[in-house]
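Below is one structure, written out as structure tokens, with a few remarks after it.
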Amino acid sequence: MSTIRPDDEFTEFVAHRSTALLRTAYLLCAGDRGAAEDLLQDVLERVYAKRRRVRGDLEPYVRTALANASANRWRTRSRRVAESPLDHAREQGTGGHEREVLDRDRIAKALGSLPPRVRAVLVLRFFDDLSEADTAAALGVSPGTVKSQTARGVARLRGLLAEAAPEKTRG
């Protein structure tokens, strides 16, 4: 009878959940794929070193670590606004797939302009489908804080997306 070692469990976890975790990191990093990959790699390295001490499911622990590491990066580093290569595509007509890519790009940029904690709340609630209670537990805040940050974040995100809407869609 063979036993599953912590290394095997961790490898299996990463193999099965890396795509979803990268999506979370991507949104936390405001659509910067390179930064998202770096963030996820850094977090997975730290979690791997502590894997024997983590009790229960790894996924909530990793999501919490992603949100915290993302907030720390934004706090300690001055933000540079990078122009997306997709910005120029708005000037040209776009079809269905291109429009979808542009919409995702706009959402990621708008998320990037929100404070890190509000961004983390929105990503965990709406992109990772966590409940208010699970989001609160992941971020170490009360459910009431999650509710208020969600309301403020959604309102601010709507405003940012309206401002960033291509000229053709504005009134």
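Read in order, the letters of the sequence shown correspond to residues 1 to 171 in the UniProt record's numbering. Backbone N, C-alpha and C fix where the C-beta goes; we use that ideal spot for every residue, glycine too. Bear in mind the structure is a predicted one, so any value in this text is a computation, not a measurement.
The segment 102-109 makes no contact with the segment 53-67; the number of CB pairs closer than 8 Å stays below 3. Only exposed fits Q41, as fewer than 16 other CB atoms lie within 10 angstroms of its CB.
For the pair V146 and R119, the CB atoms are not nearer than the 9 Å cut-off. Collapsing the DSSP output to three states places S142 in coil. One alpha carbon belongs to F127, the other to T24, and they sit about 7 Å apart. The residue from L122, V47, E59 and A49 with its alpha-carbon nearest to that of R17 is E59. With respect to the C-alpha of A36, the residue from D7, T11 and A67 having the closest C-alpha is A67. Contact check for L27 and V123: beta-carbon distance about 5 Å, within the 8 Å limit, so the pair qualifies.
When only Cα atoms are considered, V47 and A137 end up about 18 Å apart. The distance from the Cβ of A110 to that of L160 is about 4 Å, consistent with a contact at the 8 Å cut-off. Of P143, A49 and S70, the smallest CA-CA separation from L21 is found for S70. Between the alpha carbons of A49 and A65 lies a distance of about 13 Å.
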